[in-house]
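Residue numbers (this note's numbering), protein chains in the order written: chain S, 1 to 209; chain Y, 210 to 418. Where is the CB? At the ideal position from N, CA and C, for every residue including glycine.
2 protein chains.
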Amino acid sequence: MNEYTQGMINLKYPAGIQKSNVTSNHRKKKVQYGHRGMTLEKDIDTTNKYYLNTNRAIIHKKPTPITVVNVDYPSRKKAKITEAYYKTPSTSDYNGIYRGRYIDFEVKETRNPTRFPFINIHEHQVEHMRECHKQGGIVFIIMRFHVHDEVFLYPIERFLVHWDNFKNKDGRKSIRYDDVKKESYQIPEKYNPRFDYLKTVDEIYFGER
Amino acid sequence: MNEYTQGMINLKYPAGIQKSNVTSNHRKKKVQYGHRGMTLEKDIDTTNKYYLNTNRAIIHKKPTPITVVNVDYPSRKKAKITEAYYKTPSTSDYNGIYRGRYIDFEVKETRNPTRFPFINIHEHQVEHMRECHKQGGIVFIIMRFHVHDEVFLYPIERFLVHWDNFKNKDGRKSIRYDDVKKESYQIPEKYNPRFDYLKTVDEIYFGER
Chain S
1 MNEYTQGMIN LKYPAGIQKS NVTSNHRKKK VQYGHRGMTL EKDIDTTNKY
51 YLNTNRAIIH KKPTPITVVN VDYPSRKKAK ITEAYYKTPS TSDYNGIYRG
101 RYIDFEVKET RNPTRFPFIN IHEHQVEHMR ECHKQGGIVF IIMRFHVHDE
151 VFLYPIERFL VHWDNFKNKD GRKSIRYDDV KKESYQIPEK YNPRFDYLKT
201 VDEIYFGER
Chain Y
210 MNEYTQGMIN LKYPAGIQKS NVTSNHRKKK VQYGHRGMTL EKDIDTTNKY
260 YLNTNRAIIH KKPTPITVVN VDYPSRKKAK ITEAYYKTPS TSDYNGIYRG
310 RYIDFEVKET RNPTRFPFIN IHEHQVEHMR ECHKQGGIVF IIMRFHVHDE
360 VFLYPIERFL VHWDNFKNKD GRKSIRYDDV KKESYQIPEK YNPRFDYLKT
410 VDEIYFGER
């Protein structure tokens, strides 16, 4: 699946196929199979490896939850899963420890230029992050707007204001790009680590400038 | 697999089959397929749900890491995984936040009456726990000795003394039951939550008696 979403970004279009159609097909597939945001996730995974190797933090992506239905044992040593299904995650994808603190976040991207639609995020994930924030963790969403090529660190408590409005049926089904920009902190893109989001965490949560 | 290991405990033996043989077969299978410790894990999962529902802590078991090789799409909505394999985990199975602190642990059980063999634990998991401890997390192993029907909370820094001796080739390939008993804290078994290990954490890490 990584290859698939990677392919999306560097796609070569054969003659006669219109770019807009290809893109919209691919976007549909992404939504159906629940593999949004894999490109930014790869960058964050690389960044986390860098943090791990430099003893800066221990932050891992959780494995994708899968329900195993059937397993074959072609040899005594190797179990081969022959039927399984993806499950909806009940927590956010990333957590770990930084400067002695519990850290928890979700990585999301959108190709929408003007807003972040809530359909991109599971309710369970939001509620999990709300609880982690209540317990004193450092909790946020790393959010990329593809069209603007901008990545933001969005503290969960600010995100929750919009989310709760939405859940109370009165609010919008999305957050405006302008609001995200106002309420979050842009993470500059570098060579290595690609997105040094812990530097942003230092500034916001540890008051370092 | 949960059913399988559950079955182990309440096994009915058909006439003519000796209990000892059945048990030893089952034990071999357990080792091969890497699903050790599932019974205690179930109790800890239930305990964690109790903690979650009572807002005491947010602690989850990570999904089992699986490498997906092939996926079919029998309908547009449902992805069916048709070939996949279990991966060796690179972190411990449980982590989360408690009283504002990062908490990280592994759950292990052995049927050996006199020692805990290191073969029960992956090197990656131990090294992960060592690093989390260095970063200031609360890190331990919850260890059950089946024969004695005892469950212990074993702080990782004490476990590491034995592990490092073992890795330096001079030491034993296991920790003696007597040493575990001396160096760890027994978690009493109750009705609900089954193993209130956070009470033990309160005593050890927060100095409450």
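Cβ of residue i within 8 Å of any chain S Cβ
i        : result
Y:Lys239 : The predicted position of Y:Lys239 is uncertain, since its pLDDT is 39 and thus under 50; a value taken from the coordinates is nonetheless stated next. Answer no: the Cβ-Cβ gap between Y:Lys239 and chain S never drops below 8 Å.
Y:Arg364 : Correcting the residue type first, residue 364 of chain Y is Pro in the shown sequence and not Arg. No, Y:Pro364 does not count as interfacial toward chain S.
Y:Thr255 : no
Y:Thr232 : Confidence at Y:Thr232 is low in this model, with a pLDDT of 37, below 50, so the placement of that residue should be treated as unreliable; the coordinate-derived value is given next. No, Y:Thr232 lies away from the interface with chain S (no Cβ there is under 8 Å from its Cβ).
Chain Y within 8 Å of residue i, Cβ atoms only
i        : result
S:Gln135 : yes
S:His26  : With a pLDDT of 41 at S:His26, under the threshold of 50, the modelled position of that residue is not reliable, and the figure given next carries that caveat. It does not; no Cβ of chain Y falls within 8 Å.
Alpha helix (DSSP H) segment containing residue i, residue limits
i        : result
Y:Glu292 : Looking at the DSSP string, Y:Glu292 is not in any alpha helix (DSSP H); the run it does join, the beta strand (DSSP E), is Lys289 to Tyr295.
Y:Tyr311 : Note, Y:Tyr311: premise wrong, no alpha helix (DSSP H); beta strand (DSSP E) at Arg310 to Thr319.
Y:Val335 : Glu332 to Lys343
Extent of the continuous beta strand (DSSP E) to which residue i belongs
i        : result
Y:Phe361 : Glu359 to Pro364
Y:Ile268 : Ile267 to Lys270
S:Tyr205 : From DSSP, S:Tyr205 is part of no beta strand (DSSP E) but of the alpha helix (DSSP H) over Tyr197 to Tyr205.
S:Tyr177 : Counting along the chain, S:Tyr177 falls outside any beta strand (DSSP E), though it belongs to the alpha helix (DSSP H) covering Tyr177 to Glu183.
S:Thr67  : Ile66 to Asp72
S:Asn168 : Run containing S:Asn168: none; DSSP gives neither H nor E here.
S:Tyr94  : Tyr94 to Tyr98
S:Pro117 : Arg115 to Pro117
S:Arg144 : Ile138 to Phe145
Exposure of residue i, with buried meaning 16 or more beta-carbon neighbours within 10 Å
i        : result
S:Val201 : buried
S:Val161 : exposed
S:Pro113 : exposed
Y:Ser383 : buried
Y:Ile357 : Per the sequence shown, residue 357 of chain Y should be read as His rather than Ile. It is exposed - the Cβ of Y:His357 has fewer than 16 other Cβ atoms within 10 Å.
S:Thr5   : Note that S:Thr5 scores 37 on pLDDT, short of 50, meaning its location in the model is unreliable; the coordinates nonetheless yield the value given after this. It counts as buried.
Y:Pro402 : buried
S:Gln135 : buried
Y:Glu398 : exposed
S:Val107 : buried
S:Phe206 : exposed
Y:Asn230 : Confidence at Y:Asn230 is low in this model, with a pLDDT of 37, below 50, so its placement is unreliable and the value that follows should be read with caution. Its Cβ having fewer than 16 others within 10 Å, Y:Asn230 is exposed.
S:Ile119 : exposed
S:Arg176 : exposed
S:Asn95  : buried
S:Glu208 : exposed
Y:His333 : exposed
S:Ser92  : buried
Y:Gly346 : buried
Y:Val240 : Reliability of the predicted coordinates at Y:Val240 is poor, the pLDDT of 40 falling under 50, and the value obtained from them is presented with this limitation in mind. Counting Cβ neighbours within 10 Å, Y:Val240 comes out exposed, since fewer than 16 surround it.
S:Arg172 : exposed
Within chain S, partners of residue i - CB distance below 9 Å
i        : result
Y:Lys251 : Residues of chain S passing the Cβ test: none, with the nearest at roughly 16 Å.
Y:Ile275 : Pro63, Thr64, Ile66, Val68, Ile81 and Ala84
Under 7 Å from the C-beta of residue i: neighbouring residues of chain Y
i        : result
S:Glu131 : Ile267
Contacts that residue i makes with chain S (C-beta to C-beta distance below 8 Å)
i        : result
Y:Lys408 : Within 8 Å Cβ-Cβ: nothing; Y:Lys408 doesn't reach chain S, min ~18 Å.
Y:Thr300 : His60
Y:Glu292 : Lys80, Ile81 and Thr82
8 Å Cβ cut-off: residues of chain Y touching residue i
i        : result
S:Gly207 : Within 8 Å Cβ-Cβ: nothing; S:Gly207 doesn't reach chain Y, min ~18 Å.
S:Ile97  : Tyr311, Asp313, Cys341, Gln344, Gly345 and Gly346
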